[in-house]
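Here is the structure we will look at.
Chains as they are written, first to last, in my numbering: chain V, 669 to 760; chain B, 3 to 398.
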């Protein structure tokens, strides 16, 4: 099981959870399982074709998954995945 | 019998070679002479010293010499007013193991009599020395660093949640010129977090309101109010007037505009963004570290990018993140320490955790990559159209 950190903008879609434990041997499997558990998250981060939107960054521990093996990056127990969309707020 | 002062000088002369100003002046003028350590008191130093000399008052010599030298075999020339205090200082350094120490015969007085060049240091006024005394005490800042801050110019985009604490602390720190870009006016709902504004300034332009607060805190700071929105027609002009830009914008078009424009003007960009209990911060050093678009190539669609006005924000969070920006801006201006360049700092106030992610330069970055065709675009339209952007070629 990996731990997926849910950013504030997706928490409602993830049932209010800040972290979700998800099974899967790769980044892709974990995200697929996460979106199965919380379809509302999938609606936000996946295209209609089931691909990740370009504005969604995924980090495995402290490293950008794109610089690893992207969705094929192996993950296991104790790894943390962070879904990271940009935030705009400067608090107007 | 205990040695007299004259005995001490004589003993020092036995081991410390003396050089005349004429022996070293050509090298000093050419900038390739020995490291000159001036051991006089501060008031004497302030009147002028040999070019390139470093100042360590005699009383601090033993404790501070290690900070300015590269090793005990470095060539050192010690100077004072007449060559006597420096002779004893040189002897002390020799006792400490410095093997290549000489004394300037006749000291600064003889140097000056021979009309060799003299540097008169810019110094803090007594009032500045008092106001900034806690900075001056820090070795990494010191008087020189404080003078640098006083000469520095910081541009703040937004005088809101992030800009309020950042502007306040940068002004307190003595950053000489602070530019505030904001077209908005103070609203009552701002005061839960925008601490530079006050209840009686509701309705006043935020830049003007912040200027008033800064004047009360530190009247020496020059505040430039830019009461408009930054756009592609004015951004380059604005950035060129400043040494660092602090991004406290509240929308993606402005953030992407700043990201691209700061590359064009090569202005370091200190980034932070906030939502609810969470803050992001980083520093984007043009072409030296990653840029904003290396990290976030494209903005999320509006429903994934609510503003604080829509989603809320913990007021205190603004203070933490705005002050991280002020800290990074000062480090950039002073060129000290390790900035957040290449790192994204994520602060989760609810869990009270700080997480660091690595951010690397993207060789395919559409803004700073080698093949980038960088030009300012219509960021409003671009950000509004993000829903139609191509997905990356990978399944999930």
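In this text, a Cβ means the ideal position worked out from N, Cα and C, and glycines have one as well.
Residues of chain B whose Cβ lies closer than 9 angstroms to the Cβ of residue 753(V) are, in chain order, 298, 301, 302, 306, 307. Take the alpha-carbon of residue 199(B) and the one of residue 740(V): they are about 50 angstroms apart. Counting along the chain, residue 345(B) sits inside the beta strand (DSSP E) bounded by residues 345-350.
Separation of residue 164(B) and residue 328(B) (C-alpha to C-alpha, rounded to the nearest whole angstrom) is 9 angstroms. Of all C-beta pairs linking the stretch 13-24 of chain B to the stretch 103-110 of chain B, three or more are shorter than 8 angstroms, placing the two stretches in contact.
Ranked by Cα distance from residue 709(V), the first of 730(V), 683(V), 726(V) is 683(V). If you check each beta-carbon in the stretch 349-366 of chain B against every beta-carbon of chain V, the ones closer than 9 angstroms belong to 350, 352, 353, 357, 358, 359, 360, 361, 362, 364.
Between residue 385(B) and residue 301(B), the gap from beta carbon to beta carbon is short of 7 angstroms. One alpha carbon belongs to residue 72(B), the other to residue 14(B), and they sit about 24 angstroms apart.
Around the beta carbon of residue 117(B), fewer than 16 other beta carbons lie within 10 angstroms, which makes this residue exposed. The beta-carbon distance between residue 213(B) and residue 232(B), rounded to whole angstroms, is 18 angstroms. This is too long to meet the 8 angstroms contact definition.
The stretch 279-299 of chain B and the stretch 349-360 of chain B touch, with no fewer than 3 CB-CB distances between them shorter than 8 angstroms. In this structure, residue 253(B) sits away from residue 229(B), with a CB-CB distance that is not shorter than 7 angstroms. Listed by position along chain B, the residues whose Cβ is nearer than 8 angstroms to that of residue 676(V) are 277, 278, 279, 280, 313. For residue 266(B), the three-state secondary structure derived from DSSP is helix. Looking only at 369(B), 81(B), 376(B), 54(B), the smallest Cα-Cα distance to residue 63(B) is reached by 81(B). Taking the C-beta atoms as reference points, residue 689(V) is found no nearer than 7 angstroms to residue 700(V). In this structure the stretch 128-135 of chain B does not touch the stretch 276-296 of chain B; the number of beta carbon pairs closer than 8 angstroms is below three.
The beta carbon of residue 730(V) sits closer than 7 angstroms to some beta carbon of chain B. Cβ neighbours of residue 184(B) within its own chain (closer than 6 angstroms, five residues either side excluded): 160, 161, 208, 209. Between residue 39(B) and residue 56(B), the C-beta spacing is below 7 angstroms. When DSSP reads this structure, residue 81(B) sits in a beta bridge with 40(B). Against chain B, the beta carbon of residue 749(V) has no neighbour under 7 angstroms; the closest one sits roughly 11 angstroms away.
The beta carbon of residue 365(B) lies closer than 8 angstroms to those of 371, 372 in the same chain, with the five residues before and after it left out. Straight-line measurement puts the Cα of residue 369(B) at about 11 angstroms from the Cα of residue 260(B). When C-alpha distances from residue 223(B) are compared across 36(B), 204(B), 154(B), the shortest belongs to 154(B). At a C-beta separation below 7 angstroms, residue 735(V) has these neighbours in chain B: 362.
Rounded to whole angstroms, the gap between the alpha carbons of residue 150(B) and residue 339(B) is 16 angstroms. Taking 4 residues as the shortest admissible run, the stretch 146-187 of chain B contains the following complete alpha helix (DSSP H) segments, listed from N- to C-terminal end: 165-174.
Among the residues of chain B, those whose CB is under 8 angstroms from the CB of residue 712(V) are 305, 306, following chain order.
By the C-beta density criterion, residue 723(V) is buried, having at least 16 other C-beta atoms within 10 angstroms.
Assignment of residue 383(B) by DSSP, reduced to helix, strand and coil, places it in the helix class. Taking a beta-carbon distance threshold of 7 angstroms, residue 254(B) counts as an interface residue toward chain V.
Judged by DSSP secondary structure, residue 137(B) falls within the alpha helix (DSSP H) whose first and last residues are 135-138. Ranked by how close their Cα comes to the Cα of residue 286(B), the residues 77(B), 306(B), 248(B) have 248(B) in first place. For residue 8(B), there is no enclosing beta strand (DSSP E); the enclosing alpha helix (DSSP H) has its first and last residue at 7-17.
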